[in-house]
Ligand code: NAD
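Pasting the structure below:
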């Protein structure tokens, strides 16, 4: 059903329009606002969306002309480059990989009305590994919380039981100057943050915003971890430490939060099974300070969902840019989802200037951890290093004497450097 916009509607016309819209809302229909908006029109349509939501509409969207498309998310740009690298390495090493593509987050809301549709769910269930861009953006910020893009991300992580999030923070020697810390503090830095991903305060129930008896509103969340949840992430972190320098630092807030008193107890218990690993404990506030004071003291860090979220972003800046940081989220069998640590960067999306290396390095992690193709992963990492040696930089890691390149040029250079 189409409802044309009216410049100066009469009372009757407005009343008919509102009745029609109310009917659409009652029938859970999608309401699409279309128009060649100027900037005021775009603002007006956001107001209209808000009004329709207040009337109870679940699915409202508006089509925006290309000239307003900045700020909708950089996922397609960076995933495209990562995919070209993957295609090339697939061919070069005869990996025999097959690909399918699904939508998650905002693009899925636009097409299906929900952030994680059954179509994508079916594809993910069959895949050996998943490569994800990033979700979210201002276009979807007005939506009701339960159907926001980020909910799609939480749902796929939770449904596939991707409880272990690996976030390496490696400072390439070529980029030591791009870090906000002195080069000598970060050159050669190589730490791994193991973050619990499907529990803790991001998932704990009860949660919500309620109105108290005195009329004041109160927001509340629940921070909880069961022993088995702590045990499986703990074991995973000890295993990672065994493959590296055998030093594990568990980060908690056991001086204040009971959930993390249990966390510390369980970590101590597991440590007896890994006598070669040196386990230490650190409160999260101190860990944040130590990460910027002397980051090279760490080898592997293990922590809960929220602390890991924050600490890994701080670690990102040690490496020069969040645009350099890949990540992996694994289930208990090593099947996983791979994505850059950064978000959809709406401030630079659509301009062709984003750094695709975090996503390209996520592809390398995918080959190593889920597909058992370490040689192919090495090739990608070596190609990235060659490109940095040649002085090619996107804006976020630009340094003196280097050449600034676009997202596409950076992708081209990595593809060319694959040997
Ligand atoms: P962000 O990571 O998108 O951006 C933070 C800053 O880093 C911005 O200045 C951005 O320009 C820059 N940046 C990010 N990626 C870059 C890249 N590849 N190259 C160069 N610079 C880059 O974080 P934000 O601004 O807090 O969030 C924006 C949106 O992304 C929000 O909707 C948020 O919910 C979503 N988000 C999604 C994920 C995910 O999908 N895993 C993670 C974080 C944020």
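Numbering (my numbering), first residue to last: 1 to 419. Every residue gets a Cβ at the ideal spot worked out from N, C-alpha and C, and that includes glycine. As the structure is a computational prediction, the values presented were derived from the model and not from experiment.
I'd like to confirm the pairing. Which residues does DSSP put opposite residue i in its beta bridges?
i: residue 210; result: 218
i: residue 283; result: 252
i: residue 169; result: 191
i: residue 196; result: 164
i: residue 413; result: The partner list for residue 413 (beta bridge, DSSP) is empty, contrary to what the question assumes.
i: residue 404; result: 393
i: residue 129; result: 336
i: residue 247; result: 278
Please report the Cβ distance between residue i and residue j, rounded to the nearest whole angstrom; I am assuming they are in contact, meaning their Cβ atoms lie under 8 Å.
i: residue 376; j: residue 95; result: 6 Å
i: residue 397; j: residue 321; result: 5 Å
i: residue 282; j: residue 251; result: 5 Å
i: residue 399; j: residue 178; result: 6 Å
i: residue 301; j: residue 338; result: Their Cβ separation, rounded to whole angstroms, is 20 Å, which puts residue 301 and residue 338 out of contact at 8 Å.
i: residue 165; j: residue 195; result: 4 Å
i: residue 371; j: residue 129; result: 6 Å
i: residue 201; j: residue 305; result: 7 Å
i: residue 358; j: residue 323; result: 5 Å
i: residue 340; j: residue 168; result: No, residue 340 and residue 168 are not in contact; Cβ-Cβ is about 12 Å, not under 8 Å.
i: residue 111; j: residue 103; result: 6 Å
Suppose the cutoff is 8 Å on Cβ atoms and the five residues either side in sequence are ignored; what does the same chain contact list for residue i look like?
i: residue 38; result: Bear in mind that the predicted position of residue 38 carries a pLDDT of just 42, short of 50, making it unreliable; the figure below should be weighed with that in mind. Cβ neighbours of residue 38 beyond the five flanking positions: none.
i: residue 226; result: 199
i: residue 278; result: 246, 247 and 248
i: residue 288; result: 310, 311 and 314
i: residue 255; result: 283
i: residue 291; result: 298, 311, 314, 315 and 318
i: residue 217; result: 209, 210 and 211
i: residue 158; result: 198 and 203
For residue i, I'd like the list of residues in its chain whose CB is within less than 7 Å of its CB, leaving aside the five on either flank, ordered along the chain.
i: residue 174; result: 388 and 389
i: residue 205; result: 222
i: residue 352; result: 77, 406, 407 and 408
i: residue 180; result: 317
i: residue 270; result: 231, 234, 235 and 238
i: residue 15; result: none
i: residue 75; result: 133, 134 and 344
i: residue 274; result: 238 and 242
i: residue 170; result: 189, 190 and 319
i: residue 172; result: 385 and 388
i: residue 415; result: 84, 85 and 88
CB-CB under 6 Å to residue i, same chain, minus the five flanking residues each way: which ones, in chain order?
i: residue 391; result: 402 and 403
i: residue 411; result: 81, 84 and 356
i: residue 417; result: 383, 386 and 387
i: residue 230; result: 263 and 266
i: residue 40; result: Its pLDDT being 46, under 50, residue 40 is placed unreliably by the model, and nothing is read from it.
i: residue 413; result: 387 and 392
i: residue 149; result: 105, 106, 115, 135, 136 and 140
i: residue 381; result: 364
i: residue 419; result: none
i: residue 93; result: 376
i: residue 296; result: 189
i: residue 328; result: 166, 336, 338, 365 and 369
i: residue 117; result: 108
i: residue 155; result: 116
i: residue 182; result: none
i: residue 374; result: 368
Length at least 3, wholly inside the stretch 310-361: the beta strand (DSSP E) runs in chain order = 326-330 and 336-340
List in chain order: all unbroken alpha helix (DSSP H) runs of 4+ residues lying wholly within the stretch 258-308.
-> For the stretch 258-308, the continuous alpha helix (DSSP H) assignments of 4+ residues that do not extend past its boundaries occur at 258-271 and 284-293, in sequence order.
Within the stretch 66-118, note down every full alpha helix (DSSP H) run reaching 4 residues or more, in order along the chain.
-> 75-92 and 106-112
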